[in-house]
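Below you'll find the structure, written out as structure tokens, and then a few comments.
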Ligand SMILES: Nc1ncnc2c1ncn2[C@@H]1O[C@H](COP(=O)(O)OP(=O)(O)OP(=O)(O)O)[C@@H](O)[C@H]1O
Ligand SMILES: [Mg+2]
């Protein structure tokens, strides 16, 4: 069953066309990797899907409905690339604030917050204000908020960026356990080696065009890094 379908998506920003006819679809339960060099249009595509920017033309369906309904928003999680946060809230308060958008009882929410802090290894920092968190701690608290509602589909924009191998492993373990629960995961990352064994499909976007669409990772015989570099280089040669 398709949970996300992007058709002929076009988007311009400040008079410059950023996305040209982006097409792909994601099936329920897939871990889908949206890959591309810097400035390829990955974040813009994700923002279009999540309704954070308006699209120029094309269509986006999530859970088989056009555009984002209130009901589908409840089933979505999102970790953005740039983490702007309420710096005077503590980690616990930030998660509580985010959790209040969903239907938790107060007791359920407190339980959930403790479970998440433990999951992202922030249990000792929960009462410290976010302004005292390192960049890496902020990324982890963002990851925690993105899964507070046990989303059916989770969007992650560069979840591993800047993390050392220990934290990358922590993120990967969280992704593996979500995948085992059947969560659909759609993410952008440049960190190829860490996640290739948990991804089902990839699309590659380059120079604002999809150059590889929904390819099964298991059908790729070389390393993903090699595959990615080869595809981008052959596109460059041909253009
Ligand atoms: N507000 C804007 N106005 C004009 N151009 C923009 C704007 N935001 C992004 N762009 C351009 O859109 C293109 C795609 O940007 P986007 O952030 O989607 O790429 P990305 O693939 O996520 O890159 P990165 O790997 O650096 O995160 C880039 O060429 C960028 O310069
Ligand atoms: Mg980006």
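In the working numbering, the protein residues as written are 3 to 241.
Glycine included, C-beta positions come from ideal geometry on N, C-alpha and C.
In this text, all values refer to a predicted model and were calculated from it rather than measured experimentally.
query: Distance, residue 159 Cα to residue 59 Cα; result: 23 Å
query: Residue 4 classed as buried or exposed, judged by whether at least 16 other C-beta atoms fall within 10 angstroms; result: exposed
query: Contact test: residue 233 Cβ vs ligand 1 heavy atom, cutoff 7 Å; result: no
query: Helix, strand or coil at residue 176 according to DSSP, with G and I counted as helix; result: helix
query: Alpha helix (DSSP H) segment containing residue 93, residue limits; result: 93-101
query: Pocket of ligand 2 defined by Cβ to heavy atom distance under 7 Å; result: 44, 45, 83, 159, 160 and 190
query: Residue span of the alpha helix (DSSP H) that contains residue 147, given as start and end; result: 137-148
query: Residue closest to residue 38, alpha-carbon to alpha-carbon, out of 48, 13, 29 and 142; result: 48
query: Identified DSSP bridge partners for residue 156; result: 79 and 187
query: Closest by C-alpha distance to residue 92, when choosing among 143, 196 and 151; result: 143
query: Residue 66 beta carbon near ligand 3 (any heavy atom closer than 7 Å); result: Ligand 3 is absent from the structure shown, which contains only ligand 1 and ligand 2.
query: Selected residue, minimal CA-CA separation from residue 23, among 235, 210, 65 and 200; result: 210
query: Residue 26 (DSSP reduced to helix, strand or coil); result: strand
query: Short Cβ contact (8 Å threshold) for residue 70 with residue 97; result: no
query: Cβ-Cβ distance between residue 204 and residue 197 below 8 Å; result: no
query: Rounded straight-line distance, which links the Cα of residue 181 to that of residue 192; result: 20 Å
query: Beta-carbon gap between residue 46 and residue 18 smaller than 8 Å; result: no
query: Validate contact between the segment 100-108 and the segment 119-139 using beta carbons, cut 8 Å, 3 pairs; result: no
query: Whole-angstrom C-beta distance between residue 207 and residue 44, which should lie under 8 Å; result: 6 Å
query: Extent of the continuous alpha helix (DSSP H) to which residue 120 belongs; result: 108-121
query: Proximity below 8 Å, CB of residue 80 to CB of residue 74; result: no
query: Residue 216 vs residue 26 beta-carbon contact at 8 Å; result: yes
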